[in-house]
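Quick notes on the structure that follows.
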Amino acid sequence: AQRVTQPEKLLSVFKGAPVELKCNYSYSGSPELFWYVQYSRQRLQLLLRHISRESIKGFTADLNKGETSFHLKKPFAQEEDSAMYYCALSEPGTYKYIFGTGTRLKVLA
Amino acid sequence: GAGVSQSPRYKVAKRGQDVALRCDPISGHVSLFWYQQALGQGPEFLTYFQNEAQLDKSGLPSDRFFAERPEGSVSTLKIQRTQQEDSAVYLCASSYTGINQPQHFGDGTRLSIL
Chain A
95 AQRVTQPEKL LSVFKGAPVE LKCNYSYSGS PELFWYVQYS RQRLQLLLRH ISRESIKGFT
155 ADLNKGETSF HLKKPFAQEE DSAMYYCALS EPGTYKYIFG TGTRLKVLA
Chain B
278 GAGVSQSPRY KVAKRGQDVA LRCDPISGHV SLFWYQQALG QGPEFLTYFQ NEAQLDKSGL
338 PSDRFFAERP EGSVSTLKIQ RTQQEDSAVY LCASSYTGIN QPQHFGDGTR LSIL
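Top to bottom, those sequences are chains A and B.
So for the first sequence, the numbering used here puts the first residue at 95; every next one is plus one.
So for the second sequence, the numbering used here puts the first residue at 278; every next one is plus one.
This is the structure in structure tokens:
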């Protein structure tokens, strides 16, 4: 069965430090992968998707099929990046998302 | 509207009562999804609609859960004879077509069963 694993429940970094939020998945094919973010008191919103290959708010994520990973990275964390981050997988041609359990990022001043 | 709207934001019910949760998707969005998010967990898929057709209800945890979207826009998730384990945040999402499209989420309804 498909599964998304986010091994860290909480990640604390200092402002200006690099940040990497880990996401591993189990799926035999080529999935569609997404990162969603939930800021305090806001709704879940799309941060980026791997097929777009774009950088949003300084974040990037590269799909590594060999390691079945889709880690989210940012070279210099900002305080406003503090939020809950969820990695999600969707099988190509389907609609169903499978979410990880989420990682709370705290960026300390 | 500007986004997916869910009501009520909070619902407290006694065990055994029936509850109904409403979702108003983004105008023009064909696909609508319901997710259940327990404390400390990621959202888990419950059911999917394309227009008024419920194409997948494989995630509904029991026959006490029922969802409908009779006119292809607003959807209602109903839980009958609520149990304490039903306490969770219920999220609704919509997307334009559904297939591999980004889903837009509402604020959710936090359901607490006493």
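Note that the Cβ used here is the ideal one computed from N, Cα and C, for glycine as well.
As the structure is a prediction and not an experimental result, all values here were calculated from the model.
Would the beta-carbon of residue i fall within 8 angstroms of that of residue j?
i, j, result
"P112 (chain A)", "F170 (chain A)", "yes"
"V281 (chain B)", "I356 (chain B)", "no"
"F310 (chain B)", "Q380 (chain B)", "yes"
"L332 (chain B)", "L298 (chain B)", "no"
"A330 (chain B)", "A365 (chain B)", "no"
"P186 (chain A)", "E126 (chain A)", "yes"
"L166 (chain A)", "A155 (chain A)", "yes"
"P302 (chain B)", "T386 (chain B)", "no"
"K200 (chain A)", "S106 (chain A)", "yes"
"T374 (chain B)", "S308 (chain B)", "yes"
"F326 (chain B)", "L138 (chain A)", "no"
"T195 (chain A)", "Q100 (chain A)", "yes"
"S352 (chain B)", "R346 (chain B)", "yes"
Please list, in chain order, the chain A residues whose beta carbon lies closer than 7 angstroms to that of residue i.
i, result
"Q380 (chain B)", "Y191"
"D384 (chain B)", "R137"
"F326 (chain B)", "The premise fails here: F326 (chain B) is roughly 10 angstroms from chain A at the closest Cβ pair, so nothing lies under 7 angstroms."
"F343 (chain B)", "Going along chain A, no residue has its Cβ under 7 angstroms from F343 (chain B), so there is no contact; the nearest lies around 19 angstroms."
Just the chain A side, please: which residues come within less than 9 angstroms of residue i by C-beta, in chain order?
i, result
"S308 (chain B)", "Y189"
"Q318 (chain B)", "F193, T195 and G196"
Looking only at its chain, what residues have a beta carbon closer than 6 angstroms to the beta carbon of residue i, apart from the 5 residues adjacent to it on each side?
i, result
"S89 (chain A)", "Residue coverage of chain A in this structure runs from 95 to 203, which leaves residue 89 (chain A) outside it and unanswerable."
"L104 (chain A)", "R198"
"D363 (chain B)", "I356 and I390"
"K168 (chain A)", "V113, G152 and F153"
Keeping to the same chain, check which residues put their C-beta closer than 8 angstroms to that of residue i; ignore five residues upstream and five downstream.
i, result
"Y216 (chain A)", "This structure cannot settle anything about residue 216 (chain A), because the visible part of chain A is limited to 95 through 203."
Along chain B, which residues have their Cβ under 7 angstroms away from the Cβ of residue i?
i, result
"Y180 (chain A)", "G319"
Residue i: buried (16+ other C-beta within 10 angstroms of its C-beta) or exposed?
i, result
"E174 (chain A)", "exposed"
"S372 (chain B)", "buried"
"A279 (chain B)", "exposed"
"Y180 (chain A)", "buried"
"V289 (chain B)", "exposed"
"A370 (chain B)", "buried"
"G319 (chain B)", "buried"
"N146 (chain A)", "Correcting the residue identity first, residue 146 (chain A) is Ser in this sequence and not Asn. With fewer than 16 other Cβ atoms within 10 Å, it is exposed."
"Q283 (chain B)", "buried"
Apart from the five residues on each side of it in sequence, which residues of its chain come closer than 7 angstroms, Cβ to Cβ, to residue i?
i, result
"G336 (chain B)", "E321, F322, L323 and T324"
"A203 (chain A)", "K109 and E173"
"Q360 (chain B)", "R292 and I390"
"S350 (chain B)", "P302"
"Y133 (chain A)", "A177"
Consider the C-beta atom of residue i and the heavy atoms of the ligand ATP; say whether any pair is separated by less than 7 angstroms.
i, result
"G293 (chain B)", "By its list of ligands, the structure shown contains no ligand whatsoever, and the ligand ATP lies outside what it can speak to."
Margin query: To be precise: take each residue of the region 140-173 of chain A, compare its Cβ to all Cβ atoms of chain B, and keep it if any distance is under 7 angstroms. Which residues remain?
Written below: L140 and R143
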